[in-house]
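There are 2 protein chains.
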Amino acid sequence: MAKVDVPDIVISRLPRYLQTLNQMAKEGMHTVSSSDLAARLRTTAAQIRKDLSYFGGFGKQGTGYPIYLLIEELQKILNLDRIWQVALVGAGNLGRALAQYPGFPRRGIEIALLFDADPNVVGTQIGTIPVQHVDFMESEIQDQGIKIGILAVPAAAAQQIADRMVSAGIEGILNYAPVTLILPESIHAMDIDPVLQLQTMMYFIGED
Amino acid sequence: MAKVDVPDIVISRLPRYLQTLNQMAKEGMHTVSSSDLAARLRTTAAQIRKDLSYFGGFGKQGTGYPIYLLIEELQKILNLDRIWQVALVGAGNLGRALAQYPGFPRRGIEIALLFDADPNVVGTQIGTIPVQHVDFMESEIQDQGIKIGILAVPAAAAQQIADRMVSAGIEGILNYAPVTLILPESIHAMDIDPVLQLQTMMYFIGED
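If you read the protein sequences in the order shown, they are chains A and B. Just so we're aligned, residue 2 is where the first sequence starts under this note's numbering, counting upward by one. Just so we're aligned, residue 2 is where the second sequence starts under this note's numbering, counting upward by one.
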């Protein structure tokens, strides 16, 4: 399938469709219409139909889709039909929370490697994951062929660790440090910064 | 200023502009062009100029903006010229990490209230913040006039706590639970779910 034609913004919406469909399935629903899904997601049925039309075969307006088929299809499209191993750097408060987040294994994500630089933390375990010294990061990532890294380090260390991840073969970085990383075009980088989202809210709430 | 005319998507980009400008100021830069800023943010100068044109007075193409003025302007637009108090619900691993996140106080956000239902946790302190029983959530939020809530509870509890937040007067909810909340139109809700972002990456990386 020529996936190059699908806009990034469409891809970025698919995980949320999948999450909501899983929720609906858990609630005991068997079929879903694009307007049912749209209502949950505060979007339009037209948008959902257009997004899904890139991948073909999800039926047409007015008819309900079998939820389990749609879930299966989306999982295949997103390459979720496998376990993804991830390297996590930073074992502070946030890193520790991420290392133990039950939502990762439940959705096919395994924190396979965990690194920190603090001698008081290196050598300990967080949950079942040993904390290794960040000096071993590149070699461990290469040995295990890991493609995705999570950055949970302080802002001042983030760019340097990100550069080292890239040199070790990492292709996707989820960055929790509150900095805008400078990375090669080929790297799939995304940021999680609760402050940026809260600031967007503050614009709207401050005017009330 | 008639802020109703500004599209939400434009507002959602302003915090990132602000963050990058702060980074540039820290690096010792004094002026910035829209193309400098665009290069850092992997966007176009035209996009940035268009976004900022909603608010007027940032100069025009080709001339550099004084960074400190742009920072001040953006802070005013986003209502960041004050401390924002926030109620956090959930004192598990994630809630504990959030309660101690130095990036909040550093950027004007104070976790003023912290709630949990676990009797082993209620009555303890996390950092300097006492953990209160979630039964007191509504009254405390009302007493302190808090408008923003952060949800760091398990998926199964999220909708119910969100409903209670809304009934207590919360206008904005940052939701870390991996569920799509059903909320009144008037509520500014945003989700943070690292799995959704990782799944978007997996689409691209799985094809390499």
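Just so it is clear, CB atoms sit at the ideal spot from N, CA and C, and this is done for glycine as well. Just so you know, these numbers come straight off a predicted model, no measurement behind them.
How would you call residue i, buried or exposed, if buried means at least 16 neighbouring beta carbons within 10 angstroms?
i	result
residue 31 of chain A	exposed
residue 150 of chain A	buried
residue 129 of chain A	exposed
residue 47 of chain A	exposed
residue 145 of chain B	exposed
residue 10 of chain A	exposed
residue 125 of chain B	exposed
residue 28 of chain A	exposed
residue 148 of chain A	buried
residue 121 of chain A	exposed
residue 140 of chain B	exposed
Report the option in the options whose CA atom is closest to the CA atom of residue i.
i	options	result
residue 110 of chain A	A:205, A:197, A:118, A:99	A:99
residue 69 of chain A	A:25, A:86, A:125	A:25
residue 142 of chain B	B:121, B:127, B:168	B:168
residue 65 of chain A	A:13, A:174, A:147, A:37	A:37
residue 179 of chain A	A:44, A:113, A:158	A:158
residue 14 of chain B	A:207, A:205, A:201	A:201
residue 89 of chain B	B:161, B:188, B:195, B:166	B:166
residue 175 of chain A	A:193, A:183, A:34	A:193
residue 203 of chain B	A:203, A:197, A:195, A:188	A:188
residue 54 of chain A	A:74, A:40, A:182, A:118	A:74
residue 183 of chain B	A:115, A:177, A:42, A:7	A:42
residue 119 of chain A	A:134, A:8, A:206, A:127	A:134
residue 96 of chain B	B:191, B:197, B:154	B:154
For chain B, check one thing: does any of its Cβ atoms lie closer than 8 Å to the Cβ of residue i?
i	result
residue 148 of chain A	yes
residue 202 of chain A	yes
residue 129 of chain A	no
residue 78 of chain A	yes
residue 196 of chain A	yes
residue 106 of chain A	no
residue 185 of chain A	no
residue 121 of chain A	no
residue 97 of chain A	yes
Checking contacts by CB at 8 Å: is residue i closer than that to chain A?
i	result
residue 137 of chain B	no
residue 21 of chain B	yes
residue 3 of chain B	Legend: pLDDT at residue 3 of chain B = 43, less than 50; position of this residue unreliable, value from coordinates given subsequently. No - not a single Cβ of chain A is within 8 Å of the one on residue 3 of chain B.
residue 16 of chain B	yes
residue 26 of chain B	no
residue 116 of chain B	no
Is residue i helix, strand or coil by DSSP?
i	result
residue 92 of chain A	coil
residue 32 of chain A	strand
residue 73 of chain B	helix
residue 101 of chain B	coil
residue 2 of chain B	The predicted model places residue 2 of chain B with a pLDDT of 44, which falls under 50 and marks its position as unreliable, so this point remains unresolved.
residue 176 of chain B	strand
residue 139 of chain A	helix
residue 37 of chain B	helix
residue 144 of chain A	helix
residue 26 of chain B	helix
residue 56 of chain A	coil
residue 115 of chain B	strand
residue 42 of chain B	helix
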